[in-house]
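For reference, the structure discussed in these notes is given below.
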Amino acid sequence: MDVAAAFRINLGASLGTLLGGLIVFSQFLLRVVNPRAMAVWMSFAGGLTLFQSLVVLFPNSLFEFTDAFSSDESRGSEDDTVMGQAWLTTTGCFGVGIVLNYCLNLLVKQLTPGQRQSLFARMHAGDTFHLSLEDGIPELKPPVDIMQSRHFLRVDEATKEKLQQGISVATPMYFATGSKWKGLLWCLVASIAQHLGGFIAFGILGKDVDSFSQGILYDLVSGMLACISMKGIFPTASMYANGRVHLVSARGLFGMLFMAASLILFKYMGV
């Protein structure tokens with residue numbers, strides 16, 4: 076287990092979030108930002124996230140649990156028992172990850188009730204952006220869900236997703252408050268949260284991690300990512316799309332295909 080490499084990957088991914096947040100300092104890029112663009116970006120990010128959850132992390136977790144329950148003497152019917160135990164544990168931990176994500180959302184609501192209420196009032200004032208760059212007073216009116224940071228992704232995959240996360244975090248915050256620095260500050264908060272998650276995972280597992288512990292960790296994150304995608308990213312993208320469901324579904328599927336193609340390419344390159 077290369078701890079230094081893992082934290083370097085985490086650092087590179089978190090810098091991608093800050094880099095994406097710098098969009099608020101470019102007047103040209105801000106002119107490009109509109110509800111349709113936000114729907115496209117968030118749907119694409121949702122496709123990436125859902126693919127990572129169900130195709131990358133969930134099978135890896137199943138593999139780790141199978142290895143944990145297996146023994147050299149396992150044969151015949153015992154193999155079926157091992158697979159049944161592995162599937163049961165994987166499914167259970169996946170559900171726990173979903174519940175954990177709901178609990179974290181409730182905790183955030185309890186910690187920041189006034190701020191969320193203020194943003195909620197602004198977001199439901201209308202259904203479209205009203206942006207006046209000439210006056211320098213941007214205002215956001217569609218719904219916004221700040222996306223949580225995510226972990227256990229390779230640097231080549233994570234940086235792409237973190238760029239989109241930075242855009243999805245910084246631009247709504249800028250439109251809602253008119254402060255570029257607040258948008259960038261929330262990107263910094265997301266980056267710090269990612270590092271904190273890495274330290275927590277390392278503190279729980281340590282260097283000598285066993286297959287069972289890895290399976291639990293992968294599966295919890297898999298459940299959380301799936302919940303984030305289905306509960307937060309895709310519904311918010313649909314609101315930005317203003318009823319154009321095909322826009323959300325097409326970009327979400329494209330995000331999945333893009334991630335699949337990237338993984339195939341990286342495997343051929345030996346990454």
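Residue numbers (this note's numbering): 76 to 346.
Backbone N, C-alpha and C define an ideal beta-carbon position, used for all residues, glycine too.
Here the structure is a predicted model, which means the values were calculated and not measured.
Sorted by chain position, which residues of the same chain lie with C-beta nearer than 6 Å to G121's C-beta, five sequence neighbours on each side aside? S304, I308, F309 and G327
Report task. With DSSP collapsed to three states, give me the class of G318. Result -> In the three-state scheme derived from DSSP, where H, G and I count as helix and E and B as strand, G318 is classed as coil.
Checklist line | First through last residue of the alpha helix (DSSP H) which encompasses F287 | finding: S286 to C302
Exercise. For T165, collect the residues of the same chain with a Cβ closer than 8 Å to its Cβ; drop the 5 residues on either side in sequence, then sort them by chain order.
Key: F133, S136, L137, F140, G290 and D294
Exercise. Starting from S118, trace the alpha helix (DSSP H) both ways and give me its first and last residue.
Key: P110 to F126
Given that a residue counts as buried once 16 or more other Cβ atoms are within 10 Å of its Cβ, and exposed if not, what is L163?
exposed
- If you draw a straight line from the C-alpha of A81 to the C-alpha of I267, how long is it? 15 Å
Which class does G347 belong to by DSSP, given the choice of helix, strand or coil?
Because the chain in this structure spans residues 76 to 346, residue 347 falls outside the shown range and cannot be described.
Problem - P344 classed as buried or exposed, judged by whether at least 16 other C-beta atoms fall within 10 angstroms - result: This sequence places Met at residue 344; Pro is not what is there. Per the 10 Å Cβ criterion, exposed.
* Mark V323 as exposed unless 16 or more other C-beta atoms lie within 10 angstroms of its C-beta, in which case mark it buried. => buried
Own chain partners of V171 with C-beta closer than 7 Å, once the 5 adjacent residues on each side are dropped: L295 and G298
ask   = Just to confirm, are A245 and A114 a CB contact at a threshold of 8 Å?
value = no
- Enumerate in chain order the residues of its own chain whose CB-to-CB distance from I212 is below 7 Å, with the five nearest sequence positions on each side excluded. Unreliable positioning characterises I212 in this predicted model, as indicated by a pLDDT of 37, which lies under 50. The coordinate reading is nonetheless provided below. Result list for I212: G253, in chain order.
*With a Cβ-Cβ cutoff of 8 Å, do Q102 and M334 count as a contact?*
no
What's the C-alpha gap between Q160 and L129?
Approximately 19 Å between the Cα atoms of the pair.
Requested in this report: Can you tell me which of the three DSSP states S337 falls into?
Outcome: helix
Do you know offhand how far L94's Cα is from F277's? 26 Å
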